[in-house]
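The next block holds one structure in the form of structure tokens; read it before the comments.
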Amino acid sequence: MGKRTQAEKTFGSIEGAADYLGLLLESVNEAREDLEAETALASAAGAERRQQAIQLATYKLSQLKQHLATSHRLLNDLRTIRRLLFAERQAAAFKSAAETSGQFVTTAENLTAEDRPISSGALPGARPSAAGAHRGPGRGPRPPA
2 MGKRTQAEKT FGSIEGAADY LGLLLESVNE AREDLEAETA LASAAGAERR QQAIQLATYK
62 LSQLKQHLAT SHRLLNDLRT IRRLLFAERQ AAAFKSAAET SGQFVTTAEN LTAEDRPISS
122 GALPGARPSA AGAHRGPGRG PRPPA
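Next up, the structure:
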């Protein structure tokens, strides 16, 4: 199974699919420019039926362009979600920070319970701030006294 098909190479990742959609968008833009030139030729020749067909094709191309642009944005969203889920951005940021500063960098996931910072609400006798006040599930802020 050493050989991969063209589809596996192109769509094997979100990035590959996004690149492919970018190429399709370029092709749609080129086709639209060609249709604009054809419109001028058809109007000069007086071919009304041909002009109508070109207008329909132009409309359909604009719809396709809109769908491709939406799909491209969706792929970008999926890439961002994947990075968040797998902490790809954090790992890259920590790696670059460690390389630039020359210091050891850790993530909160690697900290033990003793190493994690203590929030003010977890300290004995501490009162939560007004911004962080929580009265329980489903309850809103306290009414003014």
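Taking the numbering used here, the leading residue of the sequence shown gets 2, the next gets one more, and so forth. Ideal Cβ positions, reconstructed from N, Cα and C, are used throughout, including at glycine.
For residue i, count neighbouring Cβ atoms within 10 angstroms of its own Cβ and tell me buried if that reaches 16, exposed if not.
i, result
"Ile55", "buried"
"Leu22", "buried"
"Ala43", "buried"
Have a look at residue i and residue j and give me their C-alpha separation to the nearest angstrom.
i, j, result
"Ser120", "Ala18", "A caution first: Ser120 carries a pLDDT of 46, below 50, which makes its placement in the model unreliable, though a value can still be read off. Distance between the alpha carbons of Ser120 and Ala18: 43 Å."
"Leu76", "Ala45", "43 Å"
"Gln52", "Leu65", "20 Å"
"Ala32", "Ser63", "10 Å"
"Arg74", "Arg84", "15 Å"
"Arg50", "Ala38", "16 Å"
"Glu115", "Glu100", "Note that Glu115 has pLDDT 48, beneath the 50 cutoff, so the model's placement of it is unreliable and the number below is only indicative. Rounded to the nearest angstrom, the two C-alpha atoms are 27 Å apart."
"Ser72", "Thr40", "29 Å"
"Ala98", "Phe87", "19 Å"
"Ser14", "Glu34", "31 Å"
"Thr6", "Leu79", "24 Å"
"Ala48", "Phe12", "42 Å"
Nearest to residue i by alpha carbon, out of the options?
i, options, result
"Glu27", "Arg83, Ala70, Arg50", "Ala70"
"Ala58", "Leu36, Arg84, Thr6", "Leu36"
"His68", "Leu25, Ile15, Ser14", "Leu25"
"Asn30", "Arg80, Tyr60, Phe87", "Tyr60"
"Glu16", "Thr81, Glu34, Thr6, Ala88", "Thr81"
Using a Cβ-Cβ cut-off of 8 Å, state whether residue i counts as contacting chain B.
i, result
"Ala43", "The chain labelled as chain B is not found in the depicted structure, where only one protein chain is given."
Which full runs of the alpha helix (DSSP H) of 4+ residues lie inside the segment 50–99, going along the chain?
none
Completely contained alpha helix (DSSP H) runs for the segment 6–33, where each covers 4 or more residues
7–12
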